[in-house]
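K.L.:
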Amino acid sequence: MSDRVMTAAQAMYEGVVQEMERDDTVFCFGIGVDDFKAFYGTTKDLHKKFGPDRNFDTPLSEDAMTGFAIGAAMAGYKPIHCHIRMDFLLLGMNQLVNIAAKARYMYGGQVSVPIVVRSVIGRSWGQGAQHSQGLHGLFMHIPGLKIFAPSTPYDHKGCLIAAIRDPDPTIIVEHRMVHQQRGHVPEELYTVPFGRSRVLQQGKDITIVAISYMAIEAMRAAALLEEAGVSAEVVDPVSLAPLDVDGITASVEKTGRLLVVDTDWTICGAAAEIAAAVMERHPVPFKRMGYAPVPCPTTKNLENLYYPNPKTIAETAYQLVHGKPRTFTAPEATEIIEFKGPF
Amino acid sequence: MSDRVMTAAQAMYEGVVQEMERDDTVFCFGIGVDDFKAFYGTTKDLHKKFGPDRNFDTPLSEDAMTGFAIGAAMAGYKPIHCHIRMDFLLLGMNQLVNIAAKARYMYGGQVSVPIVVRSVIGRSWGQGAQHSQGLHGLFMHIPGLKIFAPSTPYDHKGCLIAAIRDPDPTIIVEHRMVHQQRGHVPEELYTVPFGRSRVLQQGKDITIVAISYMAIEAMRAAALLEEAGVSAEVVDPVSLAPLDVDGITASVEKTGRLLVVDTDWTICGAAAEIAAAVMERHPVPFKRMGYAPVPCPTTKNLENLYYPNPKTIAETAYQLVHGKPRTFTAPEATEIIEFKGPF
Amino acid sequence: MPDLARFFRQLYLIRRVEEDVARIYPTDKIKSPVHLSIGQEAVSVGVCEALRPDDVVFGTYRSHATYLAKGGNLKKMLAELYGKYTGCAKGKGGSMHLVDAAAGMMGASAVVGTTIPHAVGYAWVQKVKKSGRVVVNFFGDGASDEGSWHESLNFAALKKVPVIFICENNGYSIHSRQLERQPHANLTERAAQYGIPAERIDGSDTTLVYDKVKKAVDKLRGGEGPIYIECLTYRWREHVGPNEDYGAGYRDRKELEPWLEKDDVRRLGAKLPEAERKRIEAEVETEIKEAFEFAEKSPFPPDSELWTDVYA
Amino acid sequence: MPDLARFFRQLYLIRRVEEDVARIYPTDKIKSPVHLSIGQEAVSVGVCEALRPDDVVFGTYRSHATYLAKGGNLKKMLAELYGKYTGCAKGKGGSMHLVDAAAGMMGASAVVGTTIPHAVGYAWVQKVKKSGRVVVNFFGDGASDEGSWHESLNFAALKKVPVIFICENNGYSIHSRQLERQPHANLTERAAQYGIPAERIDGSDTTLVYDKVKKAVDKLRGGEGPIYIECLTYRWREHVGPNEDYGAGYRDRKELEPWLEKDDVRRLGAKLPEAERKRIEAEVETEIKEAFEFAEKSPFPPDSELWTDVYA
Ligand SMILES: Cc1ncc(C[n+]2csc(CCOP(=O)(O)OP(=O)(O)O)c2C)c(N)n1
Ligand SMILES: Cc1ncc(C[n+]2csc(CCOP(=O)(O)OP(=O)(O)O)c2C)c(N)n1
Ligand SMILES: [Mg+2]
Ligand SMILES: [Mg+2]
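Protein chains in written order, with my numbering: chain A, 4 to 346; chain B, 4 to 346; chain C, -1 to 310; chain D, -1 to 310.
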């Protein structure tokens, strides 16, 4: 159904509209959701469609706005709190970690906090140290939170709907370069399950587990690897918490090698966890890739070194498979096509 | 020199006094540092000794007080910011992660932020979900931060002095049950190096890497294991960032097995990182232990299940060494002796 | 119409429960911190008596009074302090996390200032739903230092939500006086700058608190909001734990004296006919005795409870 | 004594630099966001002209004006925007993180509200050292929503530190008007409640800003502090990027008109003898041309720079 091909951002928009039609208690809020930029287009005119109480702007008050969402959720509503940058979640950490993740437990089951936190990784166009961070590693550390990090338009819609309907606090890790990816999206309402990974491409020589935008880069790397005779299985975890350790391990049992590629740092990150969890069950040769362990530089030539890319992913995978290096020639970087400035 | 045996809390006090005598720009501040409880006795009367500008109380404003420390550090002072609970650092995350860890980098080397953040894990006496957390896993994830988590009185003094003198932002993870441990502490000023682990006990069958209070529990477990004929090498990482991966790996190369025990959750935590980093270099059978992946319950019987203890550590280690279970009988839990309420 | 007998009953109940908690504390049966409200009961009672059962309150770690004043179950509270399975949070929360959703006590947090925005969010939903329900948030002079206070008041005023901010100003955050943390003792004036009707009152006068809150509640039910009331009060015991601490050096026992004179447990008790007062006292004593027995006898949670209530 | 020629030179420099940044932007040579101060220059110039070189300022992501007004090196600024190794942050920071420690520009952060407490900490050290140096913090009406604003003002007032809070109120946070985020446009009155002398002034009048700040600085050097000044101003271009955005729907071009009339680049220029104005303009144009050439010609940082400046 080629008429149902759309971007991930459009899929988010479609999903939220359908859920807001279905359930009156669902509402969006956050800085800029009702302006003409409309949170990357994903909340476009929702206030006109559903009224100003269901899509509204806020002051710059990430701490209290997170608490506000928690209070509204305790009262039975389903807030979708939108952050144009994941970096700003650091201002809401106390509410997310000390309250949202713990409320049901410390209140002995009397209280639920079904909030959805949408946060976008702002990589591209020289965002620098404070506007480019993927920080899902921090949140995976905290029991009580659920986390999605979709890479396909299909999963964007399905994860959003699942998050809205779920009684637990859920963080959706988005990526503005992923927002522009296109793919088939069914019209009907559907959910994507928590705790289930998705095999994006089957392969037999190595399992590449790749998160968010890195799933897209990994698919590009897999194409390069194929030319070099290496068959890579690309697995998108989709759900970072709970994590589909069984599913990922099954793939690794088949291929015998593991490469984890993240849009985040590897130390105490998803890459560390996935590697450790798989190794506990089925030890194989493995490697981790992610941000260079430094703050993100602004200038393009250093930024290019900071992120894994199809070339470095293919080279690392090749080395793991064959035990020797091989140089790959990467196609032109697509970053600027996927998101162009100024913001 | 038995006259130099003291508690870790006393060692902290001695270290800070000596550094404040040596360097006029060193100062302590934080909620309650100048009251009669004196931050577990570690800042006792420093304001009387050095004046009210060098040991002062603050409003409840963890976010701005962290920023205040950063500003004072930029001006060339050496702030020691004291938090009676590590849980409260979540309110200062934005300043710690978005500024302290990144300032020198994003300002191209023009600015340094030599702050010391002391934060105490408040386990014991029914602290519950929000007053007991070790959260060092979160901070290890962030490049630009340095982290110490000492377990001996000797290292408490040496880490504090090293942190004060270091030009980078450093977090010291303390533990109020560790505060009561006694040991030899030299009178002179000395530093403990970043990035160097400490072998607390040599052994040949298994390496137990154990952090903060878990180093003490691991030593107790090692005694149980010895009775069962298992020789455990107990390694205290001391410095969590940078981490002494080489030193830990060398121990694992010798023993052939690894058990990591943390006072924090294992998912995306120090235990995940240590396991993954060692496995990348030298794969061996390993296990991770830490908080149960739930918020901390308040009631004692559930809390006992939440934490690793000498019995469960010994049992896990034994299973790793012998591939079969064995039940250990633990001595009376020492928790209440090491810290008794009400706070 | 304020019902003095009812006020007295609630004040007496809270005072006596906490005195018994303090008495039992040295036995270590309660193995977790307790922050007593002794001396501050009039605030919770005055406020909660002006509320409907379906109105909602959010508290702090110092919430024994709030919980009981809002009609929270006493047996479940004491069982919670004892860490028992029959506690309001199954023993998982303890004294700092009292909750009784059925009674409209929506929870208490041990991280200072964190429930202020919860109350705003909860109240915003009431406004959108036009439920007529009112939300109250209790917090201290210390909590007012936190950024969440500013952000929450600003947003509540912007959205005009039906929330009453009750600042229980006992003059201290742990051992720090208000003027050691704030340049002026003018929290009410600060709150007023957000366009919130704000008033500072004597929080030891139950009837006064009741009257002010009653008027506020009436306004809020009509769709106006928020309102801020600073209640001056005094903590008689140590910040945490069962004892007095006038010897610790940070405050003098002289400070306590005027508050002892204004103690509404005594003042209101004295206004009741003696027989009635005695009857109420006897009833309450029985209730308390039964609740402690209930707590003592109840079982600890089964091990499996470690794993429940994390995810739904 | 205000030196009008000097004011004009600084205003003209900043205006022209930013116009050229906007002109060059579509070439994609500057591959990072730019938040232009066009229209707001009078605030930075009026404030910084009243400071000594060893006084210190902290800015925001919108700090081209602040950086230049404080005497930051123009070549290094443009090289930074171009991502070059010769930039003030070696290309690692970009437009949002301008810094020139030697000139007293201590840095700018892209997370709104984060530098307010830095200024307080820096100023506190000056007070303790009795250095006589003064610290200024620039932030917006949006930043005033943040909890850090409340916490920082409270603490600065408590400790009486020599900091001047300059609220550059341009009426918007991105596309949100102040009254869409705050119940009243009374930030000055809010600040005053912390016991801080606070005043709202027309931020388009360089001389007025200068006079007010000069008086404030004199007070602070004597050991008093802090002081708060809200400067009303207007952002002529879009929030981020090189263009105007009056067609976007959130504001009308009519709003701009009064500000165009009060434009001090024109007003002050007109007060100078024409020859002097022309000479200044020519000098500045040369300086700008050279700086752009410098930026263009400079090399990008070597790969090894990825790894430096993380740890000392
Ligand atoms: C965010 C945070 N900072 C510090 C603490 C430590 N602490 C616990 S209670 C308290 C005092 C709070 O004072 P106030 O709000 O006036 O309430 P009171 O105890 O007087 O009832 C402090 C500082 C905490 N629990 N949370
Ligand atoms: C903590 C935080 N929240 C949100 C943003 C997104 N953001 C960037 S600039 C801006 C507007 C801030 O407005 P104001 O302080 O008035 O400064 P102005 O841009 O008007 O100069 C916002 C909301 C951010 N960078 N940081
Ligand atoms: Mg108080
Ligand atoms: Mg603005």
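All residues carry an ideal CB built from backbone N, CA and C; glycine is no exception.
What you are looking at is a predicted structure, and each value in this text was computed from that prediction instead of being measured.
If you draw a straight line from the alpha carbon of Q98/A to that of H50/B, how long is it in whole angstroms?
P.N.:
Counted from its first residue, the first sequence places residue 98/A at position 95. Counted from its first residue, the second sequence places residue 50/B at position 47. Roughly 34 Å separates the two Cα atoms.
K.L.:
Does any residue of chain D bring its CB to less than 8 Å from the CB of R175/C?
P.N.:
Within the third sequence, the letter at position 177 stands for residue 175/C. With 8 Å as the cut-off, R175/C does not count as an interface residue toward chain D.
K.L.:
Among K105/B, V195/B, V116/B, whose alpha-carbon lies nearest the alpha-carbon of S107/D?
P.N.:
As a working mapping, residue 107/D is identified with position 109 in the fourth sequence. Nearest of K105/B, V195/B, V116/B to S107/D, Cα basis: K105/B.
K.L.:
At 4 residues or longer, what runs of the alpha helix (DSSP H) sit wholly inside the segment 153 to 199 of chain A?
P.N.:
Runs of the alpha helix (DSSP H) inside the segment 153 to 199 of chain A: 156 to 168.
K.L.:
Any heavy atom of ligand 2 within a distance shorter than 7 Å of the CB on E65/A?
P.N.:
The sequence position of residue 65/A within the first sequence is 62, counting from 1. Answer for E65/A: yes, Cβ within range of ligand 2.
K.L.:
Compare the C-beta of G169/C against all C-beta atoms of chain D and say whether one is closer than 8 Å.
P.N.:
Mapped onto the third sequence, residue 169/C falls at position 171. It does not; no Cβ of chain D falls within 8 Å.
K.L.:
For a test of the three-state rule: what should DSSP assign to G206/B, helix, strand or coil?
P.N.:
Reading the second sequence from its first residue, position 203 is the one you call residue 206/B. Correct three-state label for G206/B: coil.
K.L.:
Can you give me the Cβ contacts of M4/A inside the same chain, cut-off strictly under 6 Å, excluding the 5 residues immediately before and after it?
P.N.:
Counting from 1 along the first sequence, the entry for residue 4/A is found at position 1. Any reading at M4/A is ruled out, since the residue's pLDDT is 49, under 50, leaving its predicted position unreliable.
K.L.:
Using a Cβ-based criterion (distance less than 7 Å to any ligand heavy atom), does N168/C qualify as near ligand 3?
P.N.:
Here the question's residue 168/C lines up with position 170 in the third sequence. Yes - ligand 3 has a heavy atom lying nearer than 7 Å to the Cβ of N168/C.
K.L.:
Among residues of its own chain, excluding the 5 on either side of L228/A, which ones have a beta-carbon nearer than 7 Å to its beta-carbon?
P.N.:
Here the question's residue 228/A lines up with position 225 in the first sequence. A235, A317, A320, Y321, listed in sequence order.
K.L.:
Please state whether DSSP places R13/D in a helix, a strand or coil.
P.N.:
As a working mapping, residue 13/D is identified with position 15 in the fourth sequence. The answer is helix: DSSP assigns R13/D an H, G or I state.
K.L.:
Here's a check: name, in chain order, each residue in its chain whose Cβ is nearer than 8 Å to the Cβ of L49/C, leaving out the five neighbours to either side.
P.N.:
For this step, residue 49/C is matched to residue 51 along the third sequence. Within the same chain, L49/C has close Cβ partners V55, K68, G102, V132, V134, V211, V215.
K.L.:
At a CB-CB cut-off below 7 Å, which residues of chain A make contact with P115/C?
P.N.:
Walking along the third sequence from the start, residue 115/C turns up at place 117. Neighbours of P115/C on chain A, chain order: A67, G70, F71, G74.
K.L.:
DSSP three-state call for P300/D: helix, strand or coil?
P.N.:
Within the fourth sequence, numbered from 1, the residue matching residue 300/D stands at position 302. Note: P300/D maps to coil in three-state DSSP.
K.L.:
Is any heavy atom of ligand 4 found at a distance shorter than 7 Å from the C-beta of F143/D?
P.N.:
Here residue 143/D corresponds to residue number 145 of the fourth sequence, with the count starting at 1. The residue asked about is misnamed: residue 143/D is Asp in this sequence, not Phe. No, ligand 4 has no heavy atom inside 7 Å of this Cβ.
K.L.:
Answer yes if the segment 241 to 252 of chain B comes into contact with the segment 264 to 271 of chain B, meaning at least three C-beta pairs across the two stretches below 8 Å, and no otherwise.
P.N.:
At 8 Å Cβ cutoff, the stretches do not touch.
K.L.:
In chain A, what lies closer than 9 Å to F153/C by C-beta?
P.N.:
Taking the first residue of the third sequence as position 1, residue 153/C is located at position 155. Chain A residues near F153/C: T61, P62, S64, A67, M68, F71.
K.L.:
Just to check, is the beta-carbon of L99/A closer than 7 Å to a non-hydrogen atom of ligand 2?
P.N.:
Here residue 99/A corresponds to residue number 96 of the first sequence, with the count starting at 1. For ligand 2, not one heavy atom lies less than 7 Å from the Cβ of L99/A.
K.L.:
Determine the DSSP secondary structure at G238/C, reduced to helix, strand or coil.
P.N.:
Position 240 of the third sequence holds residue 238/C. Rather than Gly, the amino acid found at residue 238/C in this sequence is Val. In this structure, V238/C counts as coil in the three-state DSSP scheme.
K.L.:
Output the distance between the C-alpha atoms of G74/A and H86/A, rounded to the nearest integer angstrom.
P.N.:
As a position in the first sequence, residue 74/A is number 71, starting the count at 1. As a position in the first sequence, residue 86/A is number 83, starting the count at 1. Computed Cα separation, rounded: 18 Å.
K.L.:
Under 8 Å Cβ to Cβ from I199/D, same chain only, skipping five residues before and after it: list those, please.
P.N.:
Residue numbering aside, residue 199/D sits at position 201 when the fourth sequence is read from its first letter. Hits under 8 Å: L206, V207, K210, I227, E228, C229, L230.
K.L.:
Please report how far the alpha carbon of Y309/C lies from the alpha carbon of Y120/D, in whole angstroms.
P.N.:
If you number the third sequence from 1, residue 309/C lands on position 311. If you number the fourth sequence from 1, residue 120/D lands on position 122. Each residue's alpha carbon lies about 45 Å from the other.
K.L.:
Where does V255/B sit, in a helix, a strand or coil, going by DSSP?
P.N.:
Position 252 of the second sequence, counted from the first residue, corresponds to residue 255/B. Helix, per DSSP.
K.L.:
Which bits of chain D does S254/B rub up against, with CB to CB less than 9 Å?
P.N.:
Position 251 of the second sequence holds residue 254/B. Those do not exist, as S254/B stays about 25 Å from chain D at its closest Cβ, beyond 9 Å.
K.L.:
Let me confirm a value: A11/A is counted as buried when at least 16 other C-beta atoms fall within 10 Å, else exposed. Which label applies?
P.N.:
Within the first sequence, numbered from 1, the residue matching residue 11/A stands at position 8. Label assigned to A11/A: buried.
K.L.:
Bridge partners of I172/C, per DSSP?
P.N.:
What you label residue 172/C is simply residue 174 of the third sequence in a count that begins at 1. DSSP, once it has assigned bridges, lists no residue as partnering I172/C.
K.L.:
What is the DSSP secondary structure of H116/D, counted as helix, strand or coil?
P.N.:
Walking along the fourth sequence from the start, residue 116/D turns up at place 118. It is helical.
K.L.:
Confirm the yes/no value for this check: CB of D250/C, any heavy atom of ligand 4, distance under 7 Å.
P.N.:
Here residue 250/C refers to the residue found at position 252 when the third sequence is read from its first residue. No; taking the cut-off as 7 Å, the Cβ of D250/C has no heavy atom of ligand 4 nearer than that.
K.L.:
Whether or not the segment 164 to 179 of chain B and the segment 134 to 150 of chain C are in contact is what I'm after, with contact meaning three or more pairs of Cβ atoms, one per stretch, closer than 8 Å; do they touch?
P.N.:
They do not touch, by the three-pair rule.
K.L.:
Looking at chain D, is there any beta carbon in it that lies within less than 8 Å of the beta carbon of D209/C?
P.N.:
For this step, residue 209/C is matched to residue 211 along the third sequence. D209/C does not count as touching chain D.
K.L.:
Give, in chain order, every unbroken run of the beta strand (DSSP E) that is at least 3 residues long and sits entirely within the segment 24 to 100 of chain A.
P.N.:
The segment 24 to 100 of chain A contains these whole beta strand (DSSP E) runs: 29 to 32, 81 to 86.
K.L.:
So does F91/A have its beta carbon nearer than 7 Å to some heavy atom of ligand 2?
P.N.:
Sequence index remark: in the first sequence, residue 91/A carries index 88 (1-based). F91/A Cβ: within cutoff of ligand 2.
K.L.:
Give the range of the beta strand (DSSP E) segment to which Y226/C is assigned.
P.N.:
Within the third sequence, the letter at position 228 stands for residue 226/C. Counting along the chain, the beta strand (DSSP E) containing Y226/C begins and ends at 225 to 230.
K.L.:
Would the C-beta of H173/D count as close to ligand 6, meaning under 7 Å from any of its heavy atoms?
P.N.:
With respect to ligand 6, the structure shown offers nothing to examine, as its ligands consist of ligand 1, ligand 2, ligand 3 and ligand 4.
K.L.:
Against chain B, does S142/D count as a neighbour if the rule is that its beta carbon must be under 8 Å from one of theirs?
P.N.:
Along the fourth sequence, one-based indexing puts residue 142/D at 144. Not an interface residue.
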